[in-house]
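The structure appears right after this line, and notes come after that.
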């Protein structure tokens, strides 16, 4: 009897040790270094098909992996099998070549059978882009102070230092609600989380026209933007006295809008010049975004 009890104890002890040994690998954390470019983009080194080294922009409003026409001209390991019609935020009627199956390595992580699409443009000094789809069911922790992205299974222990905001969706893209001071009025609006946009805030046409931004705000300049497929958009730049995201106020923030346009710019955008001012965590289910101001919060806004 003693021998049976002793044997059972040993078996239970070994089983417990085995489970404990497996747990760290199940909760492994991956580190991805990035470079914050002069255009407020996150540039990350990747390797395609074990052959070609590329700089890819981490784009929170993108889903697929894309490469620019220029990069494709020097990359040897990617072959294309068809051409499709696609739309972009600057317009429809674009075409893009498609490569069905590729390997992509970023840091310690490797993906097999990844499709790749062709774009005309990406963030300056990058060869293409990728989005959150590569990190499905994982927590994404972006630390702008350390220039590191952590891919996690659990929220970090210091999560209480962050403010949690709900994520809303439109066409599978992530939005947050913020308040804008136009004249003496605070107006609520939804903003696409868009780390690929170098500027701070870009208003949609409906918001711009309904709130008479060209009359209410002081215009500082006019610029041209190009989307991923080369569509040219003319934008007016102005200063917004206050922009409130959660409990955080950003004063005298540069904003952009298309004066007089109707229906072309359908969504307002929260760009890289704002996002970089916060360390950001996005939960695994993509229901919440967590924000904590960092050392970049009070730096001058970029003229991009």
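Residue numbers (the working numbering): -18 to 285. For each residue, glycine too, the CB sits at the ideal point set by N, CA and C.
In terms of Cβ geometry, residue 239 and residue 189 form a close pair [threshold 9 Å]. Under the 8 Å Cβ criterion, the stretch 106 to 120 does not count as touching the stretch 220 to 235, having fewer than three qualifying pairs. If you compare the alpha carbons of 139, 81 and 130 with that of residue 47, the shortest gap goes to 81. Closest by C-alpha distance to residue 256, out of 204, 179, 228 and 37, is 179. Here residue 188 carries a helix assignment [DSSP, helix/strand/coil]. By the neighbour-count criterion, in which a residue is buried when 16 or more other Cβ atoms sit within 10 angstroms of its Cβ, residue 62 is exposed. CA-CA distance, residue 282 to residue 193, rounds to 24 Å.
Per DSSP, residue 117 lies in no alpha helix (DSSP H) and is assigned neither H nor E. The three-state reading of DSSP puts residue 197 in helix, counting H, G and I together. Inclusion of residue 155 and residue 173 in the CB contact set at 9 Å is warranted, their separation being smaller than that value.
With contacts defined by Cβ atoms closer than 9 Å, residue 176 and residue 39 form a contacting pair. In the DSSP assignment, residue 53 falls within the alpha helix (DSSP H) that extends over 50 to 53. Sixteen is the threshold: when 16 or more other Cβ atoms of the shown chains lie within 10 Å of the Cβ of residue 217, as they do, the residue is buried.
A direct Cα-Cα distance of roughly 15 Å separates residue 163 from residue 171. By the Cβ-count criterion, residue 205 is exposed, with fewer than 16 other Cβ atoms from all chains shown falling within 10 Å of its own Cβ.
In this structure residue 246 is buried. Its beta-carbon is surrounded by 16 or more other beta-carbon atoms within 10 angstroms. Short of 7 Å from the beta carbon of residue 145, and not among the five residues preceding or following it, lie these beta carbons of its own chain, in chain order: 269 and 271.
Take residue 107, set aside five residues on each side of it, and the residues of its chain with a beta-carbon closer than 7 Å to its own are 22, 24, 36, 37 and 38, in chain order. Residues 99, 100 and 101 of the same chain have their beta carbon placed closer than 8 Å to that of residue 50, with the five preceding and five following residues left out of the count. Relative to the Cα of residue 149, the nearest Cα in the group 158, 141, 142 and 143 belongs to 158. Residue 35 carries a strand assignment under DSSP once its states are collapsed to helix, strand and coil.
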